[in-house]
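The structure under discussion appears below in the form of structure tokens.
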Amino acid sequence: MSEKWDVLSTPGHLVSIAARGFARLSEARLRPLGFGVGHLPVLVALRDGRAHTQRDLALFARVEQPPMAQMLARMERDGLIRRTPDPDDGRSSRIALTETTLSRIPEAVAALYQGNRDALDGFTDTEAAQLVVLLARLITNLDQITSVEK
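In this text, residue positions in the sequence shown follow my numbering: the first is 1209, and each later residue adds one.
As structure tokens, this is what we get:
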């Protein structure tokens, strides 16, 4: 790649702008349902049984424990999750989605998929699939670089 690129035309900058655009779109569509973009990893992990504790959720979402604790406190306050004592570890809680949250997830998923379709307007199915493949490779590369540089 040429180093003569305008820094505002680099993949990193353009991906960042696209990510912020997707976040704004998703926030606007999720807000009426009582969700935020930051809730998505928690909702997915709990719904699919991939995580049940704050520690598991932080690992799944790739965030540190303190921000996860703050988000879970807000989600509990807003009635999105409930905590129960962990029978295997008295210091820990098991976290689950409330019935209200579970009932809203299908509409949230539909809103997110529609947002993606809207954002990819004019892309062919092949182009959209290729974009997903390329972004997944980019994320893998970035994960490898950042894990080495820690």
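Here a beta-carbon is modelled for each residue, glycine too, at the ideal position from N, C-alpha and C.
Nearest to Glu1315 by C-alpha distance, out of Ser1224, Ser1217, Arg1237, is Arg1237. The residues Ala1231, Ser1234, Glu1235, in chain order, have a CB closer than 6 Å to that of Val1245 in the same chain once the five nearest residues on each side in sequence are set aside.
In this structure, the straight-line span from the alpha carbon of Arg1270 to that of Glu1284 is close to 20 Å. In terms of Cα proximity to Gly1220, the closest of Ile1347, Gln1352, Ser1355, Val1356 is Ile1347. When Cβ pairs closer than 8 Å are counted between the two stretches, the segment 1336-1343 is seen not to touch the segment 1282-1296, the count staying below three. Residue environment for Phe1331: exposed (fewer than 16 other C-beta atoms within 10 angstroms of its C-beta).
In terms of Cα proximity to Val1223, the closest of Ala1344, Pro1274, Asp1294 is Ala1344.
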